[in-house]
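Under numbering that gives the first Met the number 0, residues 0 to 377 are what the sequence shown spells out, in order. Backbone N, C-alpha and C fix where the C-beta goes; we use that ideal spot for every residue, glycine too. Read through the structure below, which is laid out as structure tokens, and then see the notes.
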Amino acid sequence: MDTNLQHGMDIPQNLGSRARARFVSGLRSYVLNNMASELRQDYEANVEPKWLESEGAQPVNGWEVLKAIRGSEYFKQYSSLRCATQELVWDTVIDSVENNVDSLQENFAKFSADQSQAQGTLSLNPDLEIPRYADAVDVHLMPGNYGGVDAAIEPGAIYDHGLNVFAFGMMGKQLNDIGWSMANFFRLKFPDIQPQRIVDVGCTIGHNTVPWKQTFPDAEVHGIDIAAPCLSYAHARAQSMGISIHFHQGRAESLDFEDASVDVVFSSMLLHELPEDVIDAFFAEAFRVLKPGGVLINMELPPNDSLSPYDAFYLDWDCYYNNEPFYKAFRDQDYTELCATAGFDTERFFDFQAPRYTYMPEEQFIEEMNDELSFDQH
Numbered sequence: 000m001d002t003n004l005q006h007g008m009d010i011p012q013n014l015g016s017r018a019r020a021r022f023v024s025g026l027r028s029y030v031l032n033n034m035a036s037e038l039r040q041d042y043e044a045n046v047e048p049k050w051l052e053s054e055g056a057q058p059v060n061g062w063e064v065l066k067a068i069r070g071s072e073y074f075k076q077y078s079s080l081r082c083a084t085q086e087l088v089w090d091t092v093i094d095s096v097e098n099n100v101d102s103l104q105e106n107f108a109k110f111s112a113d114q115s116q117a118q119g120t121l122s123l124n125p126d127l128e129i130p131r132y133a134d135a136v137d138v139h140l141m142p143g144n145y146g147g148v149d150a151a152i153e154p155g156a157i158y159d160h161g162l163n164v165f166a167f168g169m170m171g172k173q174l175n176d177i178g179w180s181m182a183n184f185f186r187l188k189f190p191d192i193q194p195q196r197i198v199d200v201g202c203t204i205g206h207n208t209v210p211w212k213q214t215f216p217d218a219e220v221h222g223i224d225i226a227a228p229c230l231s232y233a234h235a236r237a238q239s240m241g242i243s244i245h246f247h248q249g250r251a252e253s254l255d256f257e258d259a260s261v262d263v264v265f266s267s268m269l270l271h272e273l274p275e276d277v278i279d280a281f282f283a284e285a286f287r288v289l290k291p292g293g294v295l296i297n298m299e300l301p302p303n304d305s306l307s308p309y310d311a312f313y314l315d316w317d318c319y320y321n322n323e324p325f326y327k328a329f330r331d332q333d334y335t336e337l338c339a340t341a342g343f344d345t346e347r348f349f350d351f352q353a354p355r356y357t358y359m360p361e362e363q364f365i366e367e368m369n370d371e372l373s374f375d376q377h
């Protein structure tokens with residue numbers, strides 16, 4: 000992994016910090032690749048036959064697989080080490096961030112004031128009530144959560160550096176492959192739409208917001224999030240890259256845009272962090288603000304009913320052990336029905352396994368867009 004973030008809000012790290020980051024990233028890769036493969040082998044060889052013997056049938060869903068496997072010693076080892084590596088992701092970067100608070104604040108002030116290369120804006124709302132669903136637990140086991148405790152900008156830097164360790168090189172050079180992939184999927188699938196206004200809801204530090212502006216430079220691009228420190232960091236980050244984005248503090252269920260004024264509403268790995276009623280409200284808001292013919296596009300994990308019981312269990316692990324309490328409930332829903340309830344025309348509903356734009360030539364991306372490949376193959 001490259002420990003350099005390649006933008007102006009990066010912070011200096013000594014050799015020890017870089018070595019720790021690479022070690023934890025490698026350990027996480029080992030857990031999610033080698034150990035995950037062995038976990039499945041253990042399930043198929045030992046756990047599933049015992050369940051079949053005792054219940055008279057194979058597990059029918061992810062919940063039954065969890066009930067069957069959680070007594071397995073290998074599952075306990077796997078889960079323990081996976082939780083430990085998740086905590087180490089944050090522990091590895093927090094000291095570096097805390098040792099560079101002054102430089103972070105100085106760079107924030109510098110890039111925010113400099114409008115010569117980018118004319119982005121930052122709008123924070125100190126009166127915004129942070130909902131309990133986002134504040135009650137440390138999501139992803141991140142200490143202090145995304146809003147932090149009396150923090151101006153540090154949680155944004157912790158998330159940026161932590162995500163770099165977490166991703167072990169699988170999210171693009173600037174952790175932006177999802178943004179590039181979704182923006183270019185949209186560009187190629189809807190060539191007749193030249194968006195004038197694009198809104199990224201749940202943007203955190205703007206790493207997937209920026210590629211939309213880079214793909215559609217004439218569009219007005221907005222990023223919405225509830226976490227003020229992440230938005231402050233996102234603003235300075237984008238300004239340092241010379242990219243004009245408008246960041247706003249707000250909630251997904253109450254978008255501050257006029258009716259029929261937006262061409263694209265985008266979210267990336269947001270929905271599984273929301274309670275069901277908030278998802279319904281967000282979709283209703285997206286329907287309200289989109290122009291006729293506008294597009295709501297959400298990057299998410301596949302629904303449970305599209306997966307084998309084991310795969311459903313494996314993806315739902317985060318719900319039980321990674322402080323993501325709404326993860327499984329979201330993936331148990333019918334995505335088409337979610338859209339229909341908000342008023343969207345189900346005949347225009349589309350889902351796809353996204354190829355990764357920054358890892359392949361565009362010709363291959365176009366080819367894979369039209370192929371029925373699995374999640375793992377992409």
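Rounded C-alpha distance that separates Asn-13 from His-160:
When rounded, the distance between both Cα atoms is 14 Å.
Report the rounded CA-to-CA distance for Lys-66 versus Gln-332, giving the unit in angstroms.
Lys-66 and Gln-332 have their alpha carbons spaced roughly 21 Å apart.
Start and end residues, beta strand (DSSP E) containing Met-141:
Segment: none, Met-141 is in no beta strand (DSSP E) and carries neither H nor E.
Looking at the secondary structure, which residues open and close the beta strand (DSSP E) in which Thr-120 lies?
Looking at the DSSP string, the run of the beta strand (DSSP E) that includes Thr-120 is 120-122.
Could you tell me whether the Cβ atoms of Arg-69 and Val-30 are closer together than 7 Å?
No, the Cβ-Cβ distance between Arg-69 and Val-30 is not below 7 Å.
By the three-class DSSP mapping on this structure, what secondary structure does Phe-374 have?
No answer about Phe-374 holds up, because its pLDDT of 39 lies below 50 and its placement is not dependable.
According to DSSP, which residues form a beta bridge with Met-298?
DSSP output for Met-298 lists Ser-267 as bridge partner(s).
Gly-205 classed as buried or exposed, judged by whether at least 16 other C-beta atoms fall within 10 angstroms
It is buried - the Cβ of Gly-205 has at least 16 other Cβ atoms within 10 Å.
Starting from Gln-76, trace the beta strand (DSSP E) in both directions and tell me its first and last residue.
It is not in any beta strand (DSSP E) - Gln-76 instead sits in the alpha helix (DSSP H) that spans 72-97.
Among the residues of its own chain, which have a CB less than 7 Å from the CB of Ala-151, if the five just before and after it don't count?
Here the set comprises Gln-104, Pro-228 and Ser-231.
So for Leu-4, helix, strand or coil by DSSP?
Of the three classes helix, strand and coil, the one that applies to Leu-4 here is coil, per DSSP.
Assign Arg-236 to one of two classes, buried (16 or more other C-beta atoms within 10 Å of its C-beta) or exposed (fewer than that).
Buried, since its Cβ has 16 or more Cβ neighbours within 10 Å.
Relative to the C-alpha of Pro-302, which residue among Phe-74, Ile-296 and Asp-310 is closest?
Nearest option by C-alpha distance: Asp-310.
Beta-carbon proximity list for Val-288, same chain, < 8 Å, skipping 5 on both sides:
Apart from the 5 residues on each side of it in sequence, Val-288 sits with its Cβ closer than 8 Å to the Cβ of Val-198, Leu-254, Phe-256, Glu-257, Asp-258, Ala-259, Ser-260, Val-261 and Val-264 in its chain, given in chain order.
Are the beta-carbon atoms belonging to Ala-117 and Gly-241 less than 7 Å from one another?
The beta carbons of Ala-117 and Gly-241 sit closer together than 7 Å.
Using the beta-carbon count (16 or more within 10 Å), is Asn-163 buried or exposed?
Buried is the call here.
Please report how far the alpha carbon of Tyr-320 lies from the alpha carbon of Gln-85, in whole angstroms.
The alpha-carbon atoms of Tyr-320 and Gln-85 are separated by roughly 10 Å.
Per DSSP, which one or two residues make a beta bridge with Asp-224?
BP columns for Asp-224 point to Gln-248.
Going by DSSP, what residue range makes up the alpha helix (DSSP H) through Ile-10?
Note, Ile-10: premise wrong, no alpha helix (DSSP H); not H, not E.
Mark Ala-226 as exposed unless 16 or more other C-beta atoms lie within 10 angstroms of its C-beta, in which case mark it buried.
Within a 10 Å sphere around the beta-carbon of Ala-226 sit 16 or more other beta-carbons, which makes this residue buried.
Decide if Ala-251 is buried, meaning its Cβ has at least 16 other Cβ atoms within 10 Å, or exposed.
Under this definition Ala-251 is a buried residue.
Would you mind sorting Gln-363 into buried or exposed? The rule is 16 or more other CB atoms within 10 Å of its CB.
Result: exposed.
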